[in-house]
Each structure stands twice: as structure tokens, then as C-alpha cells.
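Asker: Quick one: the structure is below, questions incoming.
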Amino acid sequence: MKTNKMPWPSLLLLAFVACIAMISELLPAGFLQEMAGQYQVPLGQMSLFIGTYAIMSAVVGIPVTRLFSHVNRRYYLIAVCLAYAAANFVIAWAPNFILAFVARLVAGSSAGALWAMLGSYPVSFLPHHLAGRGTTIVLGGVTIGLSIGLPLATAFAKAVTWQAGFMLVASLFTVCALLGLKLFPSVAGEAYSAENNYLILLKNKDILIVSLVTILLVLAHYMSYIYIQLISEQAGVAVGSAQLAFGVGALVSIFVVARFIDQRLHGLAIAIAILAGLALLILNVLSQSSLLVYLAFVMWGLSFAPMTTVLQTACTQQVDRGKALANSLSATSYDIAIMLGSMIGGLTLTAIGLSGTLYLSIAVFILASVVIYKSPRTFTNK
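Under this note's numbering, think of the first position of the sequence shown as 2, with each following residue one higher.
As C-alpha cells, this is what we get:
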């Protein structure tokens with residue numbers, strides 16, 4: 002049932018779920034050496050904890066959404082939170098690498114199930130004029146997770162043990178599941194049928210345009226972002242300071258996007274593409290000025306953080322039915338683009354160097370902005 006008021010407790014809980022999901026995904030990166038030592042495996046093998054998580058997230062989203070599209074969204078999300086909790090609990094207590102790795106695969110699958118529906122969930126219980134703002138608040142949890150939640154969780158685990166970090170994540174997901182019994186809005190699922198299926202969505206030109214723009218924007222960002230340490234060193238600033246500036250921009254973007262997304266979706270989509278390209282151009286050719294460098298990292302964060310919200314809002318508004326299915330296509334496009342960005346970025350760094358890689362990202366941002374500009378109907382608030 003839709004409400005004409007912003008249900009803040011529900012939206013904040015959903016944002017917290019998104020925040021913890023980001024912590025769950027990235028927490029192992031700070032403890033790979035300790036975990037490799039604990040399980041007595043090579044560091045390269047332990048790094049599979051990161052890569053396979055992303056693969057499972059990309060692979061699982063569409064089939065899980067297809068299989069459980071009929072399930073009430075409240076109970077679907079509770080089940081996802083409990084799966085996350087169980088997986089992180091097992092990782093914390095696993096006596097060997099194999100068991101921990103299997104649990105990590107479950108966590109990655111949970112991520113695929115979560116991101117395939119979370120962006121469309123607020124749209125299903127909010128009126129049209131509040132849907133974009135609600136989605137921004139919920140997915141703002143991702144930004145908060147990256148900029149605040151992950152450093153805090155990592156510091157906690159460093160102070161205690163890495164196992165305590167995973168136990169913390171498991172406990173928080175359990176709390177979310179319990180609170181969700183009351184606060185996750187009850188929204189009936191949509192049965193997969195002749196009128197509600199992926200084949201129909203893939204025939205929708207606007208859905209395909211959003212998927213293309215998703216791949217272009219995410220690809221362009223990740224081709225360069227994976228080298229943020231090298232970019233910082235080239236510009237003569239500490240990577241921690243660069244990430245802080247990036248995080249400031251990301252946090253500011255939550256408020257900017259929440260203000261304009263329900264009225265200016267097309268303008269926002271163009272702006273995030275152009276802003277990202279300008280940020281990388283400054284970092285590539287004007288890195289002699291520390292002030293401009295920090296401004297560029299703020300601009301990069303401003304353009305990076307709203308991507309998911311803008312793209313998923315554009316995607317889900319193309320259909321009256323099957324919003325969860327449409328959202329899963331958007332999420333899968335996002336995951337595929339991350340993997341492509343990492344691969345292409347690695348190849349271009351070797352072939353044309355860091356500067357050439359940044360220029361290639363800028364070119365892709367320009368292409369994305371042209372596609373968005375030429376597709377006003379796709380990115381116009383409906």
C-alpha cells in the first residue's frame with residue numbers, strides 16, 4: 002500500500018541494509034593477509050574472496066529475481082538479510098578456507114539477490130512524486146557504507162580480530178531482519194508471466210538504452226578508479242586524502258540528488274557523466290595544483306555516488322509491471338561493467354599508461370553523455 006508521506010523509519014532501515022551490504026562486500030580487503038595466515042593459504046588464493054563475490058553477485062541477480070518475483074518483498078528481503086547473516090557468521094567461525102569460501106559464495110549470492118530488488122523497492126510503496134527521493138535515500142546507504150561504515154568496521158576489526166568484524170556484520174544483518182518484520186513495507190510480489198518477463202523487457206528500447214548507459218558510465222569510472230592510488234601519486238597527494246575528498250563529494254551528492262531526481266532526472270544523468278569526465282581531465286592535465294586536484298576528487302565523488310540511484314530510477318520508471326525484473330537487469334549490467342572496467346583498465350594501463358587510461362575513460366564519459374542527451378524520453382521523469 003502506497004503512502005503520501007515519507008516513511009522515514011522504513012527508508013532509513015533499508016539504507017542501513019545497503020550500508021551493511023557494502024561493508025560485507027569490502028571488509029575482507031583489509032584483512033586478506035591475516036585471513037590467509039589463519040587458513041594457511043597463499044595470498045593469491047585468499048584474494049578469491051573478493052573476485053568471486055562480485056561474480057556471484059552478477060550471476061545470481063537475474064535468476065533469483067525470476068524465481069522469487071512472486072514473493073512479498075518484505076519476506077524476500079528478510080530472507081536475504083538472514084542469508085547474509087548466516088554467511089558472515091560462518092566466515093567468522095570457519096575452521097578452514099573451503100568452508101569460509103563456500104560461505105563467501107553465499108554472501109555474494111545474497112548481494113545479487115539484494116541489489117536486484119533494492120532499487121525498485123521504494124518505487125513500489127511510495128507515490129510517484131516521492132519515489133526518486135526515496136530511492137536516493139535508500140541507495141545513499143551505499144555511499145555511507147563506503148565513506149563511513151567500512152572505515153569504522155575495519156577499525157573495529159583491527160582493534161579486536163578480523164573474525165569480530167564478520168561477527169559484527171552478521172549481527173547487524175540479524176537485527177535488520179528482525180526490525181524488518183515491522184518496518185520493511187509489505188509489497189506483494191509479481192508473478193513471472195506472459196505479461197511480466199525478461200523477454201518483454203528486452204524488447205523495451207528505453208530499458209536497453211538505460212542498460213547501455215549503465216555499462217558505459219560504470220565502465221568509464223572503474224577503468225580509472227581501480228588506479229586511484231596511482232592517480233593520487235601522480236598528482237602528489239596521499240591516497241587517503243584523495244579518498245577523503247572523494248567521499249566528501251559522494252556524501253554531498255546524496256542531498257543534491259534527493260532534491261532534484263524527481264524533477265530533473267535527464268539533467269542529473271547528463272551532469273554526472275560530464276562532471277566525471279571533467280574530474281579526470283583535471284587530474285590528467287592540471288595535477289600541478291593541489292587545490293584543483295582535491296576539487297577534482299570531490300567532483301569525481303559527486304559524479305560516482307549517484308550513478309546507481311539515477312540509473313535504477315531511469316530503469317524502473319520505464320515499466321508499470323516488472324519493476325523488480327527491470328531493476329535486476331540494471332544491477333546485472335552494473336556488475337558486468339565493473340568486471341569489464343577492471344579487465345580493460347588492466348590492459349590499457351600496460352598498453353598506453355595511466356594517462357592514456359584516463360583519456361579513454363574521458364572518451365567513454367563523453368559517449369555516455371551523448372547517448373543520454375539524445376535520449377530525453379528515456380531519462381525524463383514519468
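Idealized CB from N, CA, C, for every residue including glycine. Source: prediction; values computed, not measured.
(1) Take every Cβ of the segment 220–231, pair it with every Cβ of the segment 352–364, and state whether three or more of those distances are shorter than 8 angstroms.
(2) What's the call for M344, buried or exposed, on a 16-neighbour Cβ count within 10 Å?
(3) Could you give the C-beta distance for A93 and M168, rounded to a whole number, given that I count them as a contact under 8 angstroms?
(4) Taking the alpha-carbon positions, what's the I271 to V253 distance?
(5) Where does L287 fall in DSSP's three states?
(6) So the candidates are L350, G346, F305; which of them puts its Cα closest to the Cα of L140?
(7) Have a look at L202 and M7 and give me their C-alpha separation to the nearest angstrom.
(8) Run the CB neighbour count on D263, radius 10 Å, all protein chains shown included, and call it buried at 16 or more, exposed below.
(9) In terms of residue numbering, what span does the alpha helix (DSSP H) encompassing S187 cover?
(10) Which stretch, first to last residue, makes up the alpha helix (DSSP H) that contains L127?
(11) Can the beta-carbon of A154 be found less than 7 angstroms from the beta-carbon of I51?
(12) Would you kindly report the start and end of the unbroken alpha helix (DSSP H) that includes V107?
(13) Would you kindly report the start and end of the unbroken alpha helix (DSSP H) that includes H71?
(14) Can you tell me whether R322 is buried or exposed, with buried defined as 16 or more other CB within 10 angstroms of its CB?
(15) Shortest alpha-carbon distance to I145 belongs to which of S172, L293, Y228, G302?
(16) Take C431 as the anchor and find which of L28, P186, L115, V214 has the nearest alpha-carbon.
(17) Here's the rule I'm using: 16 or more other beta-carbon atoms within 10 Å means buried, otherwise exposed. How should V311 be labelled?
(18) Over the uninterrupted alpha helix (DSSP H) stretch that includes L12, give me the two end residues.
(19) If you compare alpha carbons, which of L245, I216, S225 is closest to L368?
(20) Counting pairs of beta carbons, one from the segment 25–35 and one from the segment 175–185, are three or more of them closer than 8 angstroms?
(21) Less than 7 angstroms between CB atoms is the rule here; does G354 satisfy it with respect to chain D?
(22) What is the DSSP secondary structure of D336, reduced to helix, strand or coil?
(23) Pick from L326, G347, F366: whose alpha carbon is nearest that of I273?
(24) So, are the CB atoms of G113 and P123 less than 7 angstroms apart?
(25) If you run the structure through DSSP and keep just helix, strand and coil, what is N89?
(26) Please determine if the segment 60–76 and the segment 94–101 are in contact, where contact requires at least 3 C-beta pairs separated by less than 8 angstroms.
(27) Locate the alpha helix (DSSP H) running through F159, then write down its first and last residues.
(28) Could you check if W163 is buried or exposed, using at least 16 other CB atoms within 10 Å of its CB as the buried criterion?
(29) If we count the other Cβ atoms within 10 Å of its Cβ and call it buried at 16 or more, is P64 buried or exposed?
(30) In terms of residues, what are the limits of the alpha helix (DSSP H) holding A259?
(31) Leaving out five residues before and five after G342 in sequence, what residues of the same chain have Cβ atoms less than 6 angstroms from its Cβ?
(32) Report, in whole angstroms, the separation of the C-beta atoms of S212 and S331, which I expect to be a contact under 8 angstroms.
(33) Just checking my contact of Q313 with N328 at CB under 8 angstroms: how many whole Å lie between their CB atoms?
(34) Per DSSP, what kind of secondary structure is S376 in: helix, strand or coil?
(35) Please state the DSSP three-state secondary structure of R134.
(36) Given this structure, state the Cα-to-Cα distance separating S125 from L119, to the nearest angstrom.
Answerer: In terms of the structure at hand:
(1) Counting Cβ pairs under 8 angstroms, three or more are found: they touch.
(2) Exposed.
(3) Contact holds; Cβ gap of about 5 angstroms.
(4) Each residue's alpha carbon lies about 18 angstroms from the other.
(5) Coil, per DSSP.
(6) Closest in alpha carbon position to L140, among L350, G346, F305, is F305.
(7) When rounded, the distance between both Cα atoms is 29 angstroms.
(8) By the 10 Å Cβ count, D263 comes out buried.
(9) For S187, no alpha helix (DSSP H) segment is defined, and its DSSP state is neither H nor E.
(10) Neither: L127 is in no alpha helix (DSSP H) and is coded neither H nor E.
(11) With respect to the 7 angstroms criterion, A154 and I51 are not classified as neighbours on the basis of their beta carbons.
(12) Element bounds for V107: 98–119.
(13) Note, H71: premise wrong, no alpha helix (DSSP H); not H, not E.
(14) For R322, the number of other beta carbons within 10 angstroms of its own is below 16, and it is reported as exposed.
(15) Comparing Cα positions, the closest option is G302.
(16) Shown here, the chain extends from 2 to 383; a query on residue 431 therefore has no answer.
(17) With 16 or more other CB atoms across the displayed protein chains lying within 10 angstroms of its CB, V311 is buried.
(18) First-last of the alpha helix (DSSP H) with L12: 9–27.
(19) Minimum Cα distance to L368 is reached at I216.
(20) Contact fails: fewer than three Cβ-Cβ distances are below 8 angstroms.
(21) Among the protein chains of the structure shown there is no chain D, as only one such chain exists.
(22) For D336, the secondary structure class from DSSP, reduced to helix, strand or coil, is helix.
(23) The option with the nearest alpha carbon to I273 is F366.
(24) By the CB criterion at 7 angstroms, G113 and P123 fall outside the cutoff.
(25) For N89, the secondary structure class from DSSP, reduced to helix, strand or coil, is helix.
(26) No, the segment 60–76 is not in contact with the segment 94–101.
(27) Per the sequence presented here, residue 159 reads as Lys, with Phe not at that position. Unbroken alpha helix (DSSP H) run through K159: 151–160.
(28) With 16 or more other Cβ atoms from the protein chains shown falling within 10 Å of its own Cβ, W163 counts as buried.
(29) Counting Cβ neighbours within 10 Å, P64 comes out exposed, since fewer than 16 surround it.
(30) DSSP places A259 inside the alpha helix (DSSP H), whose first and last residues are 240–261.
(31) Only L220, Y223, M224 meet the Cβ criterion.
(32) Contact holds; Cβ gap of about 7 angstroms.
(33) The C-beta distance from Q313 to N328 rounds to 6 angstroms, short enough to meet the 8 angstroms contact threshold.
(34) It is coil, neither helix nor strand.
(35) Judged by DSSP in its simplified three-state form, R134 adopts helix.
(36) Roughly 10 angstroms between the two C-alpha positions.
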